[in-house]
Each structure stands twice: as structure tokens, then as C-alpha cells.
Amino acid sequence: MPAITYNSQSDDTWDVLGTFIHICEKTALSFWPVAGDVVVDLTEEKWELEIPFNNVRRSHSFTKPIDYGVRERLPVMKRGEANPYHLSEHDIDAAMHINSMLCNGIRNHATGVAVHGRKVTLYYGDRFGLVISTLFDLVENIRLLVRVIAAITNAHSMALGYAPFLQVPQTGQPVNLDGMTLSFPNTSDVCGNLKTRSYNIALEPYRPMWLPDTPVGRATTVVRVRPRRSGAAFGPSLIFKYSWVNVGQANEGEMTAEIHRKLSEYRPDVLDNIANMICWFNGTMEDASLPRVFFGDVTSSHPRLFSGIVMKRYTPLPELQSASAFRKKFLDVIRGHYYVWEYADALQGDISLNNVMFSYDGGEYTGVLCDFDLARRRESVEKDLAEEKIMRKRFLAGEVVKLPSLPMLAKSSARLTTCHASYKANIGFPFRPIAMTSSHSCISSWTS
1 MPAITYNSQS
11 DDTWDVLGTF
21 IHICEKTALS
31 FWPVAGDVVV
41 DLTEEKWELE
51 IPFNNVRRSH
61 SFTKPIDYGV
71 RERLPVMKRG
81 EANPYHLSEH
91 DIDAAMHINS
101 MLCNGIRNHA
111 TGVAVHGRKV
121 TLYYGDRFGL
131 VISTLFDLVE
141 NIRLLVRVIA
151 AITNAHSMAL
161 GYAPFLQVPQ
171 TGQPVNLDGM
181 TLSFPNTSDV
191 CGNLKTRSYN
201 IALEPYRPMW
211 LPDTPVGRAT
221 TVVRVRPRRS
231 GAAFGPSLIF
241 KYSWVNVGQA
251 NEGEMTAEIH
261 RKLSEYRPDV
271 LDNIANMICW
281 FNGTMEDASL
291 PRVFFGDVTS
301 SHPRLFSGIV
311 MKRYTPLPEL
321 QSASAFRKKF
331 LDVIRGHYYV
341 WEYADALQGD
351 ISLNNVMFSY
361 DGGEYTGVLC
371 DFDLARRRES
381 VEKDLAEEKI
391 MRKRFLAGEV
401 VKLPSLPMLA
411 KSSARLTTCH
421 ASYKANIGFP
431 FRPIAMTSSH
441 SCISSWTS
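Counting with the UniProt record's numbering, you get residues 1 to 448 for the letters of the sequence shown.
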């Protein structure tokens with residue numbers, strides 16, 4: 001842990017840590033450099049919150065639309081290419097603290113301060129990368145140090161990096177992520193109805209939060225929640241999924257809602273095999289008040305949207321108790337995958353261990369296809385496959401062509417063909433015996 005932390009209590013963990021001051025090296029001052037109090041008028045430092053550059057917005061934003069009127073009054077530091085240089089030893093220490101803060105808890109960014117002798121460096125990290133300030137001398141530029149301290153001690157939870165919908169208590173008591181309120185003022189259900197919803201985080205010791213492995217990128221976080229009001233849909237068995245997605249990707253909430261609407265019309269019997277979504281929302285960097293918005297446009301950076309989904313909680317695959325239950329669940333998932341492609345015109349795109357789960361109701365196992373964050377529309381998939389087929393024919397004919405690199409498309413296409421062939425082969429026919437002696441061997445073969 002850093003030498004100095006800004007939090008509710010001294011033994012707080014990374015998930016509720018506000019910010020930090022990392023003392024790399026201490027130095028003794030032979031004289032006291034300040035004769036009197038240093039006074040800084042912070043009102044001079046306040047800027048109007050104008051957005052320095054345009055960004056991409058989608059429907060059903062997390063907050064109300066922003067007025068993009070005047071943008072030119074906010075001073076913006078223009079930047080060039082992201083610098084991939086190797087971090088120094090002191091930079092690595094601070095970067096690791098930023099990494100620990102971003103990979104624990106529900107937050108959008110993290111900040112910290114490193115002090116090396118008399119030199120002070122500020123650090124900022126989010127889902128786009130790490131930003132390091134120009135160092136300054138704390139004696140020669142003591143007014144800058146006062147500004148840093150004022151910014152930290154006057155920062156609210158969102159300024160410290162927590163997600164805007166996470167209501168961190170302001171009571172002065174120790175803060176714990178378990179029990180905190182998630183308040184979503186503008187969420188949409190599968191029918192497109194907008195509504196304000198609130199949930200409480202309900203952590204479980206035997207099934208902890210799903211945390212991201214890396215601070216940069218999608219950084220998907222999954223946590224169990226329960227409705228604040230009694231009688232809410234599905235009672236307490238809900239989860240909240242939060243991530244930062246590329247603008248070019250299909251929105252998971254929007255895609256899931258569209259799949260539910262189409263299957264409700266054509267194949268309502270398949271809905272039990274598709275993850276049941278309660279509500280969803282998304283928003284831009286401006287909606288999240290991400291400090292990176294005010295850094296100016298950074299070359300080589302890719303815009304992202306934050307996306308949140310509340311859905312019914314399902315049980316992961318390793319908790320199946322028998323080979324027969326696995327067989328039933330597997331066919332259910334392939335059935336859902338098949339009809340999503342045929343009737344909802346979408347390809348799920350990511351069949352993996354964590355995306356195929358099951359529910360157990362009334363003594364019966366039901367397989368459920370989850371996670372449509374990498375889903376693609378059928379029109380887009382078929383277009384890419386057709387282009388790839390043409391390119392390969394030209395290549396085999398002896399033309400010098402550059403084949404497109406489509407690893408995800410090829411993987412999705414192979415899974416689509418295999419899964420649908422398996423499903424069609426088993427429609428109306430009993431399963432053939434599986435050459436396995438126990439449920440353990442069945443599950444082991446799947447995970448391997």
C-alpha cells in the first residue's frame with residue numbers, strides 16, 4: 001500500500017480507496033522555505049464545464065443530453081501520439097497503485113501523487129491508459145502543491161473516480177462496498193420503457209465480484225445486487241454488469257433487448273434459453289464526467305461508451321451435478337444460439353465457459369445463453385464472410401491479394417456451423433450415450 005491514502009479508514013482496501021500519495025524518497029530541508037501562510041484563491045482556478053471536443057452519443061444515455069454550445073473557452077492541452085516508453089521505477093510503483101484501484105471496485109478512473117524528494121508527479125489512469133504530469137518542485141511551486149491538496153480534500157466520490165451511479169455514503173463512517181446503493185436515473189427495459197431504478201450491492205463470500213484482469217479496455221465488472229424495493233422483478237437473484245465498450249461494437253443492452261423482442265414475436269418458447277435482462281443504460285465519457293474529456297483529443301485513442309446491464313443471476317457451468325444435466329443444458333444453449341441467429345438475425349459471437357450458464361427451477365435444469373457484448377448482426381457477418389470467400393477465390397486463382405485478417409469472424413463462423421449442425425442433428429432424436437463415467441469427467445472435458 002502507498003505511504004499515505006485518502007479514504008474513510010486506515011485499513012481500507014483497494015475497492016474503496018479514494019486516492020494515494022506515494023513517497024518514493026524523503027529529503028531533509030535545511031531551511032523552512034515558507035515564511036507565512038500560502039493563500040490560493042481557488043475561484044480563479046474554476047473553469048466552466050465546456051466539452052473541448054465532440055464525442056459519440058447513443059440513445060438511452062445515462063444522463064440527460066448535454067448542451068454542446070460553446071466549446072472554445074476551456075483551455076485544453078493538445079497532445080500527440082500516446083507514448084509507449086518504458087516507465088521508470090518510480091512510475092511503475094504509482095502505476096501499480098492505479099492498476100489496483102481500477103481493477104477493484106466499481107470506478108471509472110483513479111488518481112494518485114508520487115513524491116520523490118522535492119519533486120512531485122501526478123498520475124491519472126482510466127480505461128484508456130495512464131497519464132503522467134510534468135513533475136514540479138514542491139518548494140519552488142508550493143502553490144501547485146496547495147492546489148493538489150485542495151483538489152483531493154474537496155473531491156466528491158465521482159471526482160475520486162467512482163462510477164457516477166454509485167452512491168458512496170458521506171457520513172464519515174467506514175465505507176464498505178457491500179450494501180452501497182446503485183441509482184440509475186434513466187434505464188430502459190426490453191420494451192424501451194424508461195424508468196429510474198435503484199439497487200443495493202449484495203456481495204457473497206462464496207461467489208465474489210467478477211473483476212477485470214487489466215485496467216485498460218473493456219474492464220468488465222460483475223456484482224450481485226438486490227432491488228431496494230420489495231416486489232421488484234426476480235427478487236434478490238440479480239447481477240449488475242458494467243463495462244467500457246468500443247463505440248464501433250453493438251451495445252449489449254440494445255442488442256439483448258432487440259433479441260428479446262424478436263423472439264417474443266416469433267419463438268417465445270426460446271426466451272427461457274436467453275439471459276433475462278431487467279434494464280440497461282449507456283453513456284459517453286462526458287456523461288461519466290471523465291477527466292480525460294478535458295485533456296483534449298488524444299491521437300490513437302479510441303472512444304468508448306460505458307454500459308450497464310441488470311439481469312437475472314444464473315449459475316455457472318462447473319456447478320452442474322450430473323452428466324445428464326450437462327447434456328440438457330448444452331442442448332438448451334445451442335437451441336437458443338440457433339434461434340437467435342434464425343429469428344433475431346444476430347450472432348452471439350462469444351461461446352465460452354462464462355457465457356453459457358443454467359438455471360434450476362422446479363427440479364429442472366435449463367441452459368441459458370448469456371453475454372451479447374460481442375454479438376454481431378447477421379447482415380454484417382454474412383457480408384464479411386462473402387467478402388472473405390471472394391478474396392480466397394482470387395487468391396487461389398493466382399492473384400496477388402491481401403487477405404483480410406478476421407480471426408474473430410472465423411472463430412464465430414466455425415462455432416456457428418458446428419453448433420447449428422449439432423442442434424439440427426439432435427432435433428427430434430434422442431441423445432446418443434456419452435462416453436463418460438461421471439459428471440466430473442464431463443465437466444473436466446468441457447473446461448479443457
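Built from N, CA and C at the ideal position, the CB exists for glycine as well. Bear in mind that the values here come from a model prediction, so they are computed numbers and not experimental data.
Nearest candidate by alpha-carbon position, reference Phe122, set Asp91, Arg107, Ser380: Here the sequence assigns Leu to residue 122, which means Phe is not the residue at that position. Out of Asp91, Arg107, Ser380, Asp91 has the C-alpha closest to the C-alpha of Leu122.
Under 7 Å between C-beta atoms of Leu160 and Asp178: no
Beta bridge counterpart(s) of Val131 as assigned by DSSP: Tyr124
Outcome for Leu290 when other beta-carbon atoms lying within 10 angstroms are tallied against a minimum of 16: Taking every protein chain shown into account, the CB of Leu290 has 16 or more other CB atoms within 10 angstroms, so this residue is buried.
Reference Cys191, options Ser264, Tyr360, Ala150, closest by Cα: Of the listed residues, the one whose Cα sits closest to Cys191 is Ser264.
Inside the UniProt domain "Fungal-type protein kinase" (106-261) only - alpha helix (DSSP H) runs reaching at least 4 residues: Correct list: 142-153.
Inter-stretch contact (C-beta, 8 Å, three-pair minimum) for the stretch 269-282 and the stretch 100-115: no
As assigned by DSSP and simplified to three states, the class of Met277: strand
In DSSP terms, what Glu364 is bridged to: Asp361
Distance, Asp137 Cα to His86 Cα: Taking the straight line joining both Cα atoms gives about 23 Å.
Contact check, Cys370 vs Pro215, beta carbons under 7 Å: For the pair Cys370 and Pro215, the CB atoms are not nearer than the 7 Å cut-off.
Backbone secondary structure at Ser307 - three-state DSSP: strand
Arg218 versus Ala155 - alpha carbon distance: For Arg218 and Ala155, the gap between their C-alpha atoms comes out near 26 Å.
Which listed residue (Pro164, Thr5, Arg304) has its alpha carbon closest to that of Arg127: Comparing alpha-carbon positions, the option among Pro164, Thr5, Arg304 lying closest to Arg127 turns out to be Arg304.
Own chain partners of Trp14 with C-beta closer than 6 Å, once the 5 adjacent residues on each side are dropped: Ser100, Met101, Asn104
Inter-residue spacing [alpha-carbon to alpha-carbon] between residue 472 and Gly18: In this structure the chain extends from 1 to 448, so residue 472 is not present and cannot be described.
For Gly398, the three-state DSSP class (helix, strand or coil): coil
Cβ contact (3+ pairs, closer than 8 Å) linking the stretch 237-252 and the stretch 374-384: yes
Cβ neighbours of Glu256 in the same chain (closer than 6 Å, five flanking residues each side left out): Reading off the sequence shown, one finds Thr at residue 256, where the question assumed Glu. The answer, listed in chain order, is Met277, Phe372.
Simplified DSSP state of Ala344, which is helix, strand or coil: Reduced to three states, the DSSP call for Ala344 is coil.
Nearest-angstrom Cα separation, counted from Phe20 out to Ser157: Rounded to the nearest whole angstrom, the C-alpha separation of Ser157 and Phe20 is 14 Å.
Short Cβ contact (7 Å threshold) for Lys329 with Gly363: Their beta carbons are not under 7 Å apart, which means Lys329 does not touch Gly363 by this criterion.
Helix, strand or coil at Tyr339 according to DSSP, with G and I counted as helix: helix
His97, enclosing alpha helix (DSSP H) - first and last residue: 89-102
Nearest candidate by alpha-carbon position, reference Leu238, set Lys312, Val247, Ser198, Ile259: Checked all of Lys312, Val247, Ser198, Ile259; the closest Cα to Leu238 is Lys312.
Cα-Cα separation between Val16 and Ala323, rounded to whole angstroms: 42 Å
Lys119 versus Phe184 - alpha carbon distance: 42 Å
Per-residue DSSP class, three states only, for Arg377: strand
Per-residue burial, Tyr339 [other beta carbons within 10 Å of its own, 16 or more giving buried]: buried
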